[in-house]
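Reminder that position 164 of the sequence shown reads as 164 in UniProt numbering, one-by-one numbering, no gaps.
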Amino acid sequence: MTIEKARFLCAGDPSIQQYCDMAADLEKQELEAPDGVASPQVYGQLLAIYLLQHDLPNAKYLWKRIPENIKEENPELVKLWIVGQKLWQCDSDVYVALSEEYPDHLKPIVSAIRDVTRSRALRLVTRAYSSITVEKMSAFLGLSADDCIEALSHLGWEIDESQKIMKPNNNENNHEEVFQSEEQLAKLTDFVAFLEN
């Protein structure tokens with residue numbers, strides 16, 4: 001993924017933008033590492049940022065580049081790769097993998113991954129469903145039923161607690177839909193270019 005495309009995908013959220021900027025520096029550190037082997041911290045942060053950007057192809061190839069002895073000595077890398085696998089499979093157990101304990105240098109990035117993943121799931125459900133059960137929605141967001149009800153009621157969702165049904169607030173603006181189309185096009189372009197190389 002080019003720096004420009006990463007910045008486009010991270011636009012609008014300054015906390016995520018800082019990680020997108022950090023990715024270019026980490027990639028440079030990996031390339032300039034002695035003997036071609038970077039530190040576990042560089043690998044961990046870069047893998048986490050790729051997951052944050054939902055750049056799963058680059059995350060996969062980074063995982064393959066990390067030497068086996070570094071993977072074995074640093075269990076946080078294995079935990080991050082499990083997160084990557086769950087994201088690739090669109091598995092809601094990703095929240096379980098994200099709730100694992102991570103070292104201090106990864107905690108803020110993992111927290112951002114959790115937030116971005118929830119935001120993506122929420123946008124998807126809002127666009128795809130006219131109503132959904134509390135149970136399914138809480139699984140989608142990795143929240144307890146009570147936390148899910150509380151969070152979505154603050155977002156204007158209609159909640160029928162007697163039938164355990166939620167109805168999304170469909171007041172999305174067109175800018176969000178255009179951004180999603182541009183985001184999907186950018187991802188598709190990156191993926192095709194990646195396959196051609």
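Just so you know, even glycine gets a beta-carbon here, dropped at the ideal spot from N, CA and C. Please read these numbers as outputs of a predicted model, since none were measured by experiment.
Please state whether the Cβ-Cβ distance between residue i and residue j is less than 8 Å.
i: Ala38; j: Tyr50; result: no
i: Lys167; j: Thr133; result: no
i: Ala121; j: Leu141; result: yes
i: Cys20; j: Gln53; result: yes
i: Leu56; j: Leu26; result: no
Using 10 angstroms around the beta-carbon of residue i, count the other beta-carbons present and answer buried if the total reaches 16, otherwise exposed.
i: Thr117; result: buried
i: Glu73; result: exposed
i: Lys64; result: exposed
i: Ala33; result: exposed
i: Gly44; result: buried
i: Leu195; result: exposed
i: Leu31; result: exposed
i: Ser162; result: exposed
i: Tyr61; result: exposed
With H, G and I counted as helix, E and B as strand and the rest as coil, what does DSSP make of residue i?
i: Ile70; result: helix
i: Glu158; result: strand
i: Gln53; result: coil
i: Ala33; result: coil
i: Cys90; result: coil
i: Ser39; result: coil
i: Leu106; result: coil
i: Leu143; result: coil
i: Ser99; result: coil
Would you list the residues sitting across from residue i in a DSSP beta bridge?
i: Met166; result: Ile132, Ile159
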